[in-house]
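Below is one structure, written out as structure tokens; comments come after it.
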Amino acid sequence: MTRITLVQGDITRQTADAIVNAANSSLLGGGGVDGAIHRRGGPAILEDCRKLRAGHYGKGLPTGQAVATTAGDLDARWVIHTVGPVHSRSEDRSEQLASCYRESLRRADELGARTVAFPAVSTGIYGWPLDDGARIAVATVRETDTAVEEVRFVLFDDRAYEAFAAQLP
Ligand code: AR6
1117 MTRITLVQGD ITRQTADAIV NAANSSLLGG GGVDGAIHRR GGPAILEDCR
1167 KLRAGHYGKG LPTGQAVATT AGDLDARWVI HTVGPVHSRS EDRSEQLASC
1217 YRESLRRADE LGARTVAFPA VSTGIYGWPL DDGARIAVAT VRETDTAVEE
1267 VRFVLFDDRA YEAFAAQLP
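Heads up: take any position in the sequence shown, counting from 1, add 1116, and you land on the numbering used here.
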């Protein structure tokens, strides 16, 4: 059984086996949580990302997929980078968002990570409505068969925390 926990705060301050990054397909950094992870994690993360781009991910990491790097100076062993979908009103991209959580947990299992901290993927710059993003995140983790013991959602502000809390008993 995977335990789901909620914390309000900055994900770069968390201790976990793996910290998930809401990246973009370039893997070369950005704003939001991505910027914060690279800032606090230091240059080793970007160095690993560049290697991924020079190798298997020459065209970038597709939306809905996930890949791991070192966590640099973060208090974690790995950063798992996933690319959420940009929210669209005309197209249902929920399956891509669910895939981010599933694929991140699959990577975590490959690595043997037991505690994984997630941000609310796509709910910032990518514009996903918070309530729906929370619903998809929690439902997907519940439905995923994984050896991860704790999935910790790290929510930056009150609104995000409340949206996730509403999904839990
Ligand atoms: N800790 C936890 N959550 C955070 C933090 C933090 N330090 N900072 C922001 N959040 P976003 P996206 C929350 O925009 O929507 C980047 O430029 C934030 O409040 O980081 O998936 C990438 O490179 C929101 O709830 O990611 C991509 O280009 C959630 O994290 C693009 O943004 C996600 O917001 C990805 O957009």
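No residue lacks a Cβ here, since even glycine has one placed at the ideal position from N, Cα and C. Quick caveat, the model's predicted, so the values are computed rather than measured.
Item checked: Span of the alpha helix (DSSP H) around residue 1209 -> Note, residue 1209: premise wrong, no alpha helix (DSSP H); not H, not E.
Note to self: When you measure from the CB of residue 1235 to every non-hydrogen atom of the ligand AR6, does any distance come out below 7 Å?
What the structure shows: yes
Check: If you follow the alpha helix (DSSP H) that residue 1153 is part of, which residue opens it and which one closes it?
Finding: 1148 to 1157
Notebook entry, point to check: Using DSSP with H/G/I as helix, E/B as strand and the rest coil, what is residue 1196?
Noted result: strand
Item checked: Beta carbon of residue 1123 nearer than 8 Å to that of residue 1257 -> no
Item checked: Which listed residue (1126, 1281, 1236, 1283) has its alpha carbon closest to that of residue 1191 -> 1126
Next item on the list: Rounded to whole angstroms, what's the CA-CA distance from residue 1261 to residue 1176? Just pull it up for me.
Entry: 27 Å
Notebook entry, point to check: Per DSSP, what kind of secondary structure is residue 1265 in: helix, strand or coil?
Noted result: coil
Checklist line | alpha helix (DSSP H) segment containing residue 1246, residue limits | finding: 1246 to 1259
Notebook entry, point to check: For the ligand AR6, any of its heavy atoms closer than 7 Å to the Cβ of residue 1270?
Noted result: yes
Item checked: Nearest residue (CA-CA) to residue 1160, options 1215, 1186, 1211 -> 1186
Notebook entry, point to check: Helix, strand or coil for residue 1190 per DSSP?
Noted result: coil
Check: For residue 1132, which residues from the same chain have a beta carbon less than 7 Å from its beta carbon, with the 5 sequence-adjacent residues on both sides left out?
Finding: 1192, 1231, 1232, 1233, 1268
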